[in-house]
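Using the working numbering, you'd call the opening residue of the sequence shown number 58 and step up by one each time. Remarks on the structure that follows.
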Amino acid sequence: MLRDARGDRDATTRAERRRMRGLGPAARVALPIAPMIDVVFLLLLYFVLTSGFADQARLLRTEAPREAAADASERAEPADALELEEETLVIRVRAGSDARATIELGLGLAQPSDAEALERILRDVLLTPANPRGVFDPGHPVRIVADRELPWEEVVRVFQAASGAGFRAIAFGGDA
Numbered sequence: 058m059l060r061d062a063r064g065d066r067d068a069t070t071r072a073e074r075r076r077m078r079g080l081g082p083a084a085r086v087a088l089p090i091a092p093m094i095d096v097v098f099l100l101l102l103y104f105v106l107t108s109g110f111a112d113q114a115r116l117l118r119t120e121a122p123r124e125a126a127a128d129a130s131e132r133a134e135p136a137d138a139l140e141l142e143e144e145t146l147v148i149r150v151r152a153g154s155d156a157r158a159t160i161e162l163g164l165g166l167a168q169p170s171d172a173e174a175l176e177r178i179l180r181d182v183l184l185t186p187a188n189p190r191g192v193f194d195p196g197h198p199v200r201i202v203a204d205r206e207l208p209w210e211e212v213v214r215v216f217q218a219a220s221g222a223g224f225r226a227i228a229f230g231g232d233a
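Written out as structure tokens, the structure reads:
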């Protein structure tokens, strides 16, 4: 007669009971993973279809590097309570007839033909120690308004032109 590890029962009886239950020599509980994967994909599909795609978030602000912001705060004069708010310089970027975008510059400034010309024009009107005839200080608000159909790369070129010229308060959005 065979004894199991505990020594109190017959090993053949235990094996017979396992066989009668349909559990083979090494019984394992199988976890069905296919239905769980289906549920995960259904939840993912639900959240993708029900979430908004940032239609309402149309305003994106940028910040100047900390060094430039510190220099501006050292030179800043105390704000006057009766001082008028600065008119925002609006740069409109529209989808042109060809693959290139057309750029319209507001506030009576010269109209650029491309992003490089826009950067030159903005550098000329920026008030700096090197350019005392400039009209706008680097903290003057600039807003880039672009058509929805326009490729994002064109809008980024306009942003790079404005920041490359030296403007620090650049925002996106508004009515085209």
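Note that beta-carbon positions come from the ideal geometry of N, C-alpha and C, so glycine has one too.
I need the DSSP call for residue i, collapsed to helix, strand or coil.
| i | result |
| --- | --- |
| residue 90 | coil |
| residue 200 | strand |
| residue 185 | strand |
| residue 158 | strand |
| residue 105 | helix |
| residue 98 | helix |
| residue 205 | coil |
| residue 167 | coil |
| residue 149 | strand |
Quick one: Cα of residue i to Cα of residue j, how far?
| i | j | result |
| --- | --- | --- |
| residue 145 | residue 99 | 47 Å |
| residue 219 | residue 88 | 59 Å |
| residue 196 | residue 221 | 13 Å |
| residue 71 | residue 92 | 34 Å |
| residue 190 | residue 183 | 8 Å |
| residue 104 | residue 199 | 36 Å |
| residue 147 | residue 96 | 48 Å |
| residue 186 | residue 108 | 49 Å |
| residue 204 | residue 151 | 5 Å |
Within 10 angstroms of its Cβ, does residue i collect 16 or more other Cβ (buried), or is it exposed?
| i | result |
| --- | --- |
| residue 158 | buried |
| residue 193 | buried |
| residue 78 | exposed |
| residue 7 | The structure shown does not extend to residue 7, since the chain spans only 58 to 233, so no value can be given for it. |
| residue 73 | exposed |
| residue 153 | exposed |
| residue 90 | exposed |
| residue 176 | buried |
| residue 167 | exposed |
What does DSSP give as the partner residues of residue i in its beta bridges?
| i | result |
| --- | --- |
| residue 178 | Note: residue 178 sits in no beta bridge, so no partner. |
| residue 216 | Residue 216 pairs with nothing; no bridge assigned. |
| residue 193 | 183 |
| residue 271 | Here the chain covers residues 58 to 233 and nothing more, so residue 271 does not appear. |
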